[in-house]
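Residue numbers (the numbering used here), protein chains in the order written: chain A, 81 to 430; chain B, 317 to 640. Written out below as structure tokens is the structure these notes cover.
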Amino acid sequence: MQKRLTRVAIAIVAVAALAGTTATANAGSAGIKGGLKIAIMPKAVNNGYFTAWAKGGTTACKEIGARCTYLGPTTATGAAQVQFINQIIQQHYNVLVISAADQNAIVPALNKAKAAGITIVTSDADVDASAAASRVTAVLPASSTRIGTAEVDWIAAATGGKGSIAILSAAATAANQNAWIAAMGPYLTSKYPNMSWVGGTVDKSVFYGNDDATTSTQQFDAILAQYPNVAGIISPTTVGVLAAAQEKKAKSLTVAITGLGLPSQMGPYITDGTVLKVGLWNPIDLGYVAVYAAAEAASGTFKGTVGSTFYAGNTKKTKKTYTVTAGGITYLGDPFTFDKSNIATFAAIY
Amino acid sequence: MKRISFNWDKGILVFLVLTTIVGSFITPYFANASNFSFVIQDIGEFMLMAIPMTFLIISGEIDLSIGSSLCLSSAALGYSFRHGIPFWLCIIIALLVGIACGLINGILVTKFGLQSLAVTIGTLALYRGLCFVLLGNQPVNQMPLSYTNLGSNSIPHTFLPYVTILIVIFGAIGWTTLHYTRLGRWTFAVGINVEAAKFSGIPVARLKLALFAMTGLMAGVAGIVYTFRFASASPDGATGYELSVIASVLFGGVSIAGGVGTMWGVLAAVLELGVIRSVLQLTNVSANTLLVVSGGLLLLSVAIPRAIELSRNRRKLVSLDSKS
């Protein structure tokens, strides 16, 4: 899928270059307005995951003849992100594709942006359900349940389906992580009777690394100190799972590790066997699809109501239709698993 | 000594005017009502907290827990709202929690003779921890719009956000108190030489306790503004704000060693930091560069007055030499 996107992008750039400026105006697939001014805003810049996410968004922008800017704060807080939302209001953007750093704090700013005529699509991380009206749709990777249960399956594969496990999460307030963790609890109990949580229940088995490499390493060590018999650790965040893999390798530990990891970062640890499997969705696709959703909404061809559809891709072969589900959420599909068999391919991409 | 800080303050004001003029010319998005409204909203909490912090640093103390105090006030507001307490009462609770945060710092410093730097590093973590205890990992949202709209709307028929009223009131109180009252003179006296201040009959401990309590109160006020502006209360709110507040106070010409500073220097500095950020953002300067610029400005604000002081001392020495 990814290679195809890249190839398509290259082809588009080549065509656009040949055709000169006139191509930009009508490069957009039928129905999408040309020349839209689109802001792609991550929770924070300087993060490999969001760089990949923006890469997909930028590719889509080129396909539809839009002007794209990747901008956002250096710290992933709502307050910091609001300053950048204000900036795009001032600069009269048409479209905002945003990964919400805080599901509540950015809502008043988003409402102002909406009032200023900006079409908003959240992608990767949505706003609170009570504020669903502030955006057209949320383009999310996979349902929280499927992400949570998939991680339990991966850790079960690594521990042989037995032993007690812990979770090394991001911040205690991270809504994504909390939703996934909530799905892990009942699934582990019902599917893997020989497995358990180190703290008795899932809630008491979560440690918070705050998406900071040092804190994550400290919390990883804290898990092992507190529960020396821990069989496996799930880290549903790219920073945490990397820190865990590094620490496991440095100290030659036996605890199994899995979670959501960037293939480029986790590649060495999967290749040398430190980690059996990790998973993630493809952030490039996530950004790509979100830009299409937003551009179609800004062009008036997509409303975002439950059951309504939009498409992404600009050739017959790549074009794919997406349907809005309950809560105004559009899911990309299932989380994608990386292991020794495919890691090399994906490590080269993101 | 006094002339040096005066020069720096004047420099800030010139800088502020220059940035505004340059900003108006280099980007069409800067000089308009809606942007000024954004700038004021952006610096609101910092203005409110920089006022008491100016007193505190001039008196030779510091409060690193101010960001956590803000968050704890906001968390207390959210917590009491979640438990069905009338909203006006939640606001009073938030203010009381703010004062309590300041009082605890003040008592530890004045009654136990501990250093404020150490005490407030401790309470920085403690108050933040309490935010998580109160709210768990669930932020509070859906607060009454009649209140939260005050955080995002402007005063009718103007572009000024409601927080402007608080800034003007507290700015004026802070200014007159620092420069025209006995309390202000005491604050400087304590910062210049605490022993001399004690001997001259200034109730140093009571003064410092009051300053800490005032800082807590203003953190509470800022906490309410913050809660309204983001229409929510979250246990990780205002993380790192303490450093921004202290940085802007120092940028405003207040000496970290105490005894030196002006209120208008600080107010101009906070405004300048907001304006410069806005200009840079609107000219599409990246967030990474913004960090470098704000760090560089702070270094300059510490280095330039020092350089002036050194060159002046050298001149003084030279003139003494020629006299002898």
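Using N, Cα and C, we set each Cβ at its ideal position, and we do this for glycine too.
- The stretch 223 to 250 of chain A is shown to contain whole beta strand (DSSP E) runs of 3 or more residues at 243 to 249, in chain order.
- By the criterion of a C-beta distance shorter than 7 Å, V413 (chain B) is surrounded in its chain by L388, S389, A392, G536, once the five residues flanking it on both sides are discounted.
- Interface with chain A (7 Å Cβ-Cβ cutoff): F403 (chain B) is excluded.
- Annotation: the continuous beta strand (DSSP E) that includes T199 (chain A) extends over 199 to 203.
- Apart from sequence neighbours up to five positions away, the residues of its chain that approach V335 (chain A) with a beta-carbon distance below 8 Å are L304, V310, A311, G312, I313, K328, ordered along the chain.
- Note on E511 (chain B): under 16 other CB atoms within 10 angstroms of its CB, so exposed under the neighbour-count rule.
- Within the stretch 167 to 189 of chain A, contact with chain B at the beta-carbon level (separation under 9 Å) is assigned to Q167, I169, Q170, Q171, H172, D182, Q183, N184, A185, I186, V187, P188, A189.
- With a threshold of 7 Å between beta carbons, T281 (chain A) makes no contact with chain B.
- Taking 7 Å as the cut-off, the Cβ atoms of A547 (chain B) and T480 (chain B) do not count as close.
- Here DSSP, grouped into helix, strand and coil, assigns F287 (chain A) to strand.
- Looking at the DSSP output, W277 (chain A) sits in a beta bridge with A:I245.
- When Cβ-Cβ separations below 7 Å define contact, N469 (chain B) makes no contact with chain A.
- Close partners of N457 (chain B) in chain A (Cβ separation under 7 Å): N184, D208, S210.
- For P551 (chain B), the C-beta contacts it makes with chain A under 8 Å involve A252, T253, in order along the chain.
- In the DSSP assignment, I409 (chain A) is bridged to A:A218, A:T405.
- Interface flag for Y345 (chain B) against chain A is set, since a Cβ pair is found closer than 7 Å.
- Shown in chain order are the members of the stretch 148 to 165 of chain A whose Cβ falls below 9 Å from a Cβ of chain B: T149, L151, G152, P153, T154, T155, T157, G158, A159, A160, V162, Q163, F164.
- Close CB contacts of A293 (chain A) within its chain, under the 7 Å cut and outside five residues either way in sequence, are with V319, A323 (chain order).
- When secondary structure is reduced to three states using DSSP, F416 (chain A) falls in the strand class.
- With contact defined as three or more Cβ pairs closer than 8 Å, the stretch 152 to 172 of chain A and the stretch 181 to 189 of chain A are in contact.
- Counted as a single uninterrupted DSSP element, the stretch harbouring V510 (chain B) is not any beta strand (DSSP E) but the alpha helix (DSSP H) occupying residues 510 to 515.
- Between the stretch 379 to 394 of chain A and the stretch 336 to 347 of chain B, the count of Cβ pairs shorter than 8 Å is below three; the stretches do not touch.
- In terms of CA proximity to G500 (chain B), B:G575 leads the group B:G569, B:G575, B:V591.
- Proximity of the stretch 358 to 367 of chain A to the stretch 242 to 259 of chain A falls short of the contact definition, fewer than three beta-carbon pairs being nearer than 8 Å.
- As a beta-bridge residue in DSSP terms, P477 (chain B) pairs with B:S470.
- Per DSSP, the continuous alpha helix (DSSP H) segment holding S390 (chain B) begins and ends at 382 to 398.
- Under the three-state reduction of DSSP, T389 (chain A) is assigned to strand.
- Excluding the 5 residues flanking it on each side, W324 (chain B) has same chain C-beta neighbours closer than 6 Å at G569, P621, in chain order.
- Among the residues of the stretch 486 to 519 of chain B, none has a Cβ less than 9 Å away from any Cβ of chain A.
- The alpha-carbon separation between Q454 (chain B) and A255 (chain A) amounts to approximately 9 Å.
- The C-beta distance from G418 (chain B) to S384 (chain B) rounds to 12 Å, too long to fall under 8 Å, and the pair is not in contact.
- C-alpha of P477 (chain B) to C-alpha of V355 (chain B): approximately 10 Å in a straight line.
- Closest by C-alpha distance to S332 (chain A), out of A:L342, A:S344, A:T354, is A:T354.
- V125 (chain A) reaches chain B at S602, A603, N604, counting residues in chain order whose Cβ is nearer than 9 Å.
- Interface criterion not met: the Cβ of A441 (chain B) is under 7 Å from no Cβ in chain A.
- Interface criterion not met: the Cβ of S396 (chain B) is under 7 Å from no Cβ in chain A.
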